[in-house]
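Chemist: One structure is given below, represented as structure tokens, and several questions about it will come after.
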Amino acid sequence: MKLWKSWAIARKDFATFRTKRYVIYSLVVLPLFISIGLPTLIWLGVRNASISSSQLPALVSGLNGVLNAFSFFFVIIAGMLPISIGAYSIVGEKLEKTLEPLLATPTTDGEILLGKGIAAFLPSVVATYAGAVIFMVLMDAVTSTKLGYIYFPNWTVAVILLTTVPLISILSTEFNVIISARVSDIRAAQQFGALIVLPLAAIYVATEVAFVSLTPANLLIISAIILVIDALLFSLSRATFRREEILTKWK
Amino acid sequence: MIETDNLTRTYGDVTAVEDLTLRVDEGEVFGFLGPNGAGKTTCVRVLACLISKTSGEARIADYEIGNSADCQKIRKIIGLVPDNVGLYEDLSAYRNLDFYGRLYECPESQRRERIEYFLKMLELWDVRDRAVRTFSKGMKQKLAIVRALIHDPQVLFLDEPTANLDPAFQKTVRDFILELKHEKRTIFLNTHNLDEAQRICDRIGILNTRLVAEGTPEQLMESLEGRKTEIQLQQVTPAVTGAVERLGLHYVTTNGNRLVIDVRDPEMENPGITEAIVAAGGHVQFINEKHATLEEVYLKLVREEQ
């Protein structure tokens with residue numbers, strides 16, 4: 001596999017996406033909403049509160065639990081952001097009639113799929129990180145001014161951002177590229193692709209009902225499972241990429 | 252350069268191409284004529300390793316179509332202009348070509364050189380940084396042809412390259428193909444345009460799922476009615492027709508003063524015919540070679556098939 005070919009495909013896609021407003025919005029709006037909205041909620045809750053020193057430990061403990069849960073939102077965002085780009089990747093080329101000349105080049109299925117994957121993964125993970133940084137800075141501003149301590153960074157968020165977020169972003173990207181190569185309509189691809197969020201929402205609910213706690217150790221286990229699924233999905237994407245079917249059966 | 256033996260491609264119960272056997276030599280321009288749904292595009296897609304064959308054999312430059320390792324090699328030596336140009340509309344002309352140059356593994360210096368050469372040749376250099384969506388159909392078609400040439404392919408597949416273009420752009424594209432012909436590139440041209448095929452192609456195949464006829468444009472035109480000599484006289488008299496009959500030739504009279512005579516070898520027979528007519532007192536005004544047009548041949552063969 002020639003990685004520079006995949007990179008050429010990804011660069012071409014980056015250039016194409018820059019001209020598509022809905023892609024830009026989908027990458028910017030959600031992370032920005034979460035990263036500004038959640039600290040604002042907390043700030044609104046504590047801004048006028050008079051907290052005695054005896055109440056402080058209980059409040060901090062409760063807030064830390066909430067902030068841990070909020071941190072997991074960035075895993076969900078990392079799963080959601082690749083949907084629009086990944087779902088568009090193959091079906092978009094087909095609908096814009098650019099797939100045939102692309103497939104006529106001496107480029108392998110693996111190179112095309114990797115290129116499409118990079119094109120969906122990189123902007124999504126960068127947008128997620130940007131949102132997470134804004135979120136942590138704003139939350140630290142709230143906790144330091146009102147409660148006198150800084151919560152971020154910590155080991156939990158470090159594991160989330162350095163392992164879980166990129167791995168879930170890869171998983172979502174691969175899943176959506178596979179969907180994109182199997183359906184003949186962008187909206188259908190996005191609807192199927194959005195199913196990726198369900199297991200993440202289930203994990204979030206499991207943390208809320210205290211079935212799973214978001215400790216660094218548990219997050220590493222979850223990340224290891226996602227890593228295995230990532231590897232399986234890449235093999236699956238190559239095995240299910242049928243050039244001929246895409247060219248001849250899709251309208 | 253291109254060989255097929257009993258090449259067949261079916262889609263479920265529908266046969267798109269059946270038992271196609273043909274040879275296209277290096278440097279030859281081969282044209283495929285045929286009605287819609289005749290299998291021309293399917294044939295190009297099989298030869299370009301985009302879809303598989305159902306049965307039969309096909310080779311390009313001795314690489315086997317159907318063998319995945321050979322298909323990668325075939326893709327390196329062919330260029331394809333599909334019936335839909337398939338350019339990235341949001342990218343500039345230069346960016347489109349540069350992208351494909353990379354995928355075709357052209358070194359950067361060669362890429363730059365060839366992009367500049369072709370864009371200047373086709374008068375697109377000044378708009379190279381404009382998004383393709385702002386281009387006219389003709390400009391896009393020219394760009395699609397350049398894209399197929401960026402890696403200097405040995406074989407070029409052109410699927411309806413002048414379809415939907417106005418006559419001026421058709422001529423530009425046709426002239427460009429003729430330029431490529433002079434470079435001794437093997438060109439496989441799918442077209443509906445009979446005039447274009449006649450002007451550009453060394454040989455023509457008429458496809459209607461099966462190969463109905465194949466030959467040079469002249470051979471095809473002769474195949475319908477044979478060769479004929481048309482002689483316009485001041486007046487066709489019995490003495491003149493008698494002289495033609497004595498030569499053992501079949502003729503018909505048209506418009507009262509024109510004889511259309513079946514000949515096998517006009518270069519050899521015409522001088523004797525003229526002498527006989529003049530000796531019989533005929534006054535010859537014009538002599539022309541008359542043959543069926545490619546359109547007549549095409550329509551006859553396609554209708555016979557249907």
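Chains as they are written, first to last, in the working numbering: chain P, 1 to 251; chain U, 252 to 557. Cβ coordinates follow ideal geometry from the N, Cα and C atoms, glycine included. Keep in mind that this is a model prediction, so the values were computed, not measured.
Could you pull the DSSP bridge partners for U/Val-535 from this structure?
Modeler: Numbered from its first residue, the second sequence carries residue 535 of chain U at position 284. DSSP, once it has assigned bridges, lists U/Leu-484 as partnering U/Val-535.
Chemist: Using only alpha-carbon positions, find the residue among U/Thr-255, U/Pro-286 and U/Arg-274 that is nearest to U/Glu-555.
Modeler: Along the second sequence, read from residue 1 onward, the residue named residue 555 of chain U stands at position 304. Among U/Thr-255, U/Pro-286 and U/Arg-274, the Cα nearest to that of U/Glu-555 belongs to U/Pro-286.
Chemist: Can you list, in chain order, the stretches of the beta strand (DSSP E) that have 3 or more residues and sit fully within the region 302-376 of chain U?
Modeler: 306-311 and 329-332
Chemist: Leaving out five residues before and five after P/Tyr-151 in sequence, what residues of the same chain have Cβ atoms less than 7 Å from its Cβ?
Modeler: As a position in the first sequence, residue 151 of chain P is number 151, starting the count at 1. Excluding residues within five positions, the ones whose Cβ falls inside 7 Å are Asn-64, Leu-67, Met-139, Asp-140 and Thr-143.
Chemist: Between which two residues does the alpha helix (DSSP H) holding U/Phe-427 run?
Modeler: To locate residue 427 of chain U, count along the second sequence from 1; it is residue 176. 418-433 is the extent of the alpha helix (DSSP H) around U/Phe-427.
Chemist: Expressed to the nearest angstrom, what Euclidean distance is found between the alpha-carbon atoms of P/Ser-35 and U/Ile-428?
Modeler: In the first sequence, counting from the first residue as 1, residue 35 of chain P sits at position 35. In the second sequence, counting from the first residue as 1, residue 428 of chain U sits at position 177. Spanning the two alpha carbons is a distance of roughly 58 Å.
Chemist: Look at U/Ser-303 and U/Gly-290 and say whether their C-beta atoms are less than 8 Å apart.
Modeler: By 1-based counting over the second sequence, the position of residue 303 of chain U is 52. By 1-based counting over the second sequence, the position of residue 290 of chain U is 39. Contact flag unset, no.
Chemist: Measure the C-alpha to C-alpha separation of P/Ser-52 and P/Ile-42 and round it to an integer number of angstroms.
Modeler: Residue 52 of chain P sits at position 52 when you count from the first residue of the first sequence. Residue 42 of chain P sits at position 42 when you count from the first residue of the first sequence. Between P/Ser-52 and P/Ile-42, the C-alpha separation is close to 18 Å.
Chemist: Restricting to Cα atoms, I'd like to know which of P/Leu-81, P/Pro-106, P/Pro-153 and P/Leu-167 is closest to P/Tyr-25.
Modeler: Walking along the first sequence from the start, residue 25 of chain P turns up at place 25. The shortest Cα separation from P/Tyr-25 among P/Leu-81, P/Pro-106, P/Pro-153 and P/Leu-167 belongs to P/Leu-81.
Chemist: Which partner residues of U/Asn-459 appear in the DSSP bridge assignment?
Modeler: The sequence position of residue 459 of chain U within the second sequence is 208, counting from 1. DSSP output for U/Asn-459 lists U/Arg-461 as bridge partner(s).
Chemist: Out of curiosity, what's the CA-to-CA distance linking U/Arg-379 and P/Thr-156?
Modeler: The sequence position of residue 379 of chain U within the second sequence is 128, counting from 1. The sequence position of residue 156 of chain P within the first sequence is 156, counting from 1. The straight-line gap from Cα to Cα measures roughly 51 Å.
Chemist: Going by alpha carbons, who is nearest to P/Leu-3 out of P/Ser-237, P/Lys-146, P/Lys-116 and P/Leu-147?
Modeler: Along the first sequence, read from residue 1 onward, the residue named residue 3 of chain P stands at position 3. Measuring from the Cα of P/Leu-3, the nearest candidate turns out to be P/Lys-116.
Chemist: Going along chain P, which residues have a C-beta under 8 Å from U/Asn-318?
Modeler: Locating residue 318 of chain U in the second sequence gives position 67, where the first residue counts as 1. Result: empty, since nearest Cβ-Cβ is about 14 Å, beyond 8 Å.
Chemist: Between which two residues does the alpha helix (DSSP H) containing U/Ala-289 stretch?
Modeler: One-based indexing of the second sequence puts residue 289 of chain U at position 38. No alpha helix (DSSP H) holds U/Ala-289; DSSP gives it neither H nor E.
Chemist: What are the residues of the region 342-363 of chain U that lie near chain P, defined by any Cβ-Cβ distance shorter than 8 Å?
Modeler: Leu-342, Arg-346, Phe-350, Tyr-351, Arg-353, Leu-354, Tyr-355 and Glu-356
Chemist: If we count Cβ pairs, one from each stretch, closer than 8 Å, do we get three or more for the region 474-493 of chain U versus the region 510-526 of chain U?
Modeler: yes
Chemist: Quick one, which of U/Met-252, U/His-534, U/Leu-342 and U/Arg-398 has its alpha-carbon nearest P/Arg-18's?
Modeler: Numbered from its first residue, the first sequence carries residue 18 of chain P at position 18. The candidate whose alpha carbon is nearest that of P/Arg-18 is U/Leu-342.
Chemist: Please classify U/Asn-441 as buried or exposed, where buried requires at least 16 neighbouring CB atoms within 10 angstroms.
Modeler: Taking the first residue of the second sequence as position 1, residue 441 of chain U is located at position 190. Buried, since its Cβ has 16 or more Cβ neighbours within 10 Å.
Chemist: Which same chain residues, not among the five before or five after P/Val-165, have their C-beta less than 8 Å away from its C-beta?
Modeler: Here residue 165 of chain P refers to the residue found at position 165 of the first sequence. These residues qualify, in order along the chain: Phe-74, Val-75, Ala-78, Val-125, Thr-128, Tyr-129 and Ala-132.
Chemist: Note down, in chain order, each residue of its chain lying with its Cβ closer than 8 Å to the Cβ of U/Ala-531, except the 5 sequence neighbours on either side.
Modeler: Here the question's residue 531 of chain U lines up with position 280 in the second sequence. Closer than 8 Å at Cβ, skipping near neighbours: Thr-488, Ala-490, Val-491, Gly-493 and Ala-494.
Chemist: P/Ala-217 versus chain U: which residues are under 9 Å apart at the beta carbon?
Modeler: What you label residue 217 of chain P is simply residue 217 of the first sequence in a count that begins at 1. Those do not exist, as P/Ala-217 stays about 44 Å from chain U at its closest Cβ, beyond 9 Å.
Chemist: Have a look at U/Glu-340 and P/Asn-154 and give me their C-alpha separation to the nearest angstrom.
Modeler: Translated into the one-based positions of the second sequence, residue 340 of chain U becomes position 89. Translated into the one-based positions of the first sequence, residue 154 of chain P becomes position 154. Those two C-alpha atoms are separated by around 46 Å.
Chemist: Taking P/Lys-94 as the query, report the chain U residues whose CB atoms sit under 9 Å from its CB, ordered along the chain.
Modeler: Your numbering for residue 94 of chain P matches position 94 in the first sequence. Within chain U, no residue comes near P/Lys-94; the closest Cβ sits about 10 Å away, beyond 9 Å.
Chemist: In whole angstroms, what is the alpha-carbon distance linking U/Thr-266 and U/Leu-258?
Modeler: Reading the second sequence from its first residue, position 15 is the one you call residue 266 of chain U. Reading the second sequence from its first residue, position 7 is the one you call residue 258 of chain U. The straight-line gap from Cα to Cα measures roughly 11 Å.
Chemist: Could you pull out every unbroken beta strand (DSSP E) segment of at least 3 residues lying fully inside the region 49-114 of chain P, listed in chain order?
Modeler: none
Chemist: Tell me, please, whether the CB atom of U/Arg-310 is closer than 8 Å to any CB atom in chain P?
Modeler: Taking the second sequence and counting its residues from 1, one reaches residue 310 of chain U at position 59. It does not: the Cβ of U/Arg-310 has no partner Cβ on chain P nearer than 8 Å.
Chemist: To which residues does DSSP link U/Asp-513 through a beta bridge?
Modeler: Position 262 of the second sequence, counted from the first residue, corresponds to residue 513 of chain U. For U/Asp-513, which the question treats as bridged, DSSP gives the partners U/Lys-479.
Chemist: Below 9 Å between beta carbons is the criterion; list the residues of the region 95-114 of chain P that meet it against any residue of chain U, in chain order.
Modeler: Glu-96, Lys-97, Thr-98, Leu-99, Glu-100, Pro-101, Leu-102, Leu-103, Ala-104, Thr-105, Pro-106, Thr-107, Thr-108 and Glu-111
Chemist: Is there a Cβ of chain P sitting closer than 8 Å to that of U/Leu-500, yes or no?
Modeler: The residue you call residue 500 of chain U lines up with position 249 of the second sequence. Not closer than 8 Å to any Cβ of chain P, the Cβ of U/Leu-500 fails to qualify, so no.
Chemist: For P/Ala-15, return the contacting residues in chain U, with the cut-off set at a CB-CB distance below 7 Å.
Modeler: What you label residue 15 of chain P is simply residue 15 of the first sequence in a count that begins at 1. Chain U residues near P/Ala-15: Leu-342 and Arg-346.
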